[in-house]
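These notes concern the structure reproduced below.
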Amino acid sequence: MTNDPAIAFRVTALEDNQPNGREPILGGILRKKAVWVDESLCIGCTYCSCVATNTFTMEPDNGRARAFRQDGDSTEVIQEAIDTCPVNCIDWVKFEDLDDLRSQLNAKTIRPLGLPPLR
C-alpha cells in the first residue's frame, strides 16, 4: 500500500454533514450583523447561554451574559436566544459598531449581580 497524497483531491466530502447549531460553524456565509449583549441591562438569567451555547457565556466576574463568539451558532439559534431574553438586552448590531459599544459599556459602572446598589 502506497501513500498517495493525491487521493485527498479525489475523495468527495459527506453531503449530509449539516450544522445543527451545537457546534462552531467555520466558514460559510458571513452574517451582515453581529450579536451584542448590553451587560449593563442583563439580569443574569442564563437563558441565552443555555440556548446558544457556542455564542453566549456567563461572564464570571459580574454574572452577566456575554457574546464570546459571533460564528458559534446558526442565526436561527441566536435569534431564539435573543427572543428568550426577558429584559431584551441582546441585539443584532453592525460589526463596525462593536468597538464603540464595548467602549461605552466599559465606561459604565457594572456591579456584580447579587450585591446591594452603591449609595
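Quick note, my numbering runs 2 ahead of the 1-based positions in the sequence shown. For every residue, glycine included, the Cβ atom is placed at its ideal position computed from N, Cα and C.
Under DSSP, the beta-bridge partners assigned to Ala-67 are Met-60. In the DSSP assignment, Val-37 is bridged to Trp-94. The C-beta separation of Ser-42 from Ile-112 comes to about 6 Å, placing the pair in contact by the 8 Å criterion. With a threshold of 16 other beta carbon atoms within 10 Å, Arg-104 falls short and is exposed.
The DSSP-derived three-state label of Cys-50 is helix. The DSSP-derived three-state label of Thr-86 is helix. According to the DSSP assignment, Leu-43 belongs to no alpha helix (DSSP H), since it is labelled neither H nor E. The Cβ atoms of Cys-50 and Ala-83 sit closer than 8 Å to each other.
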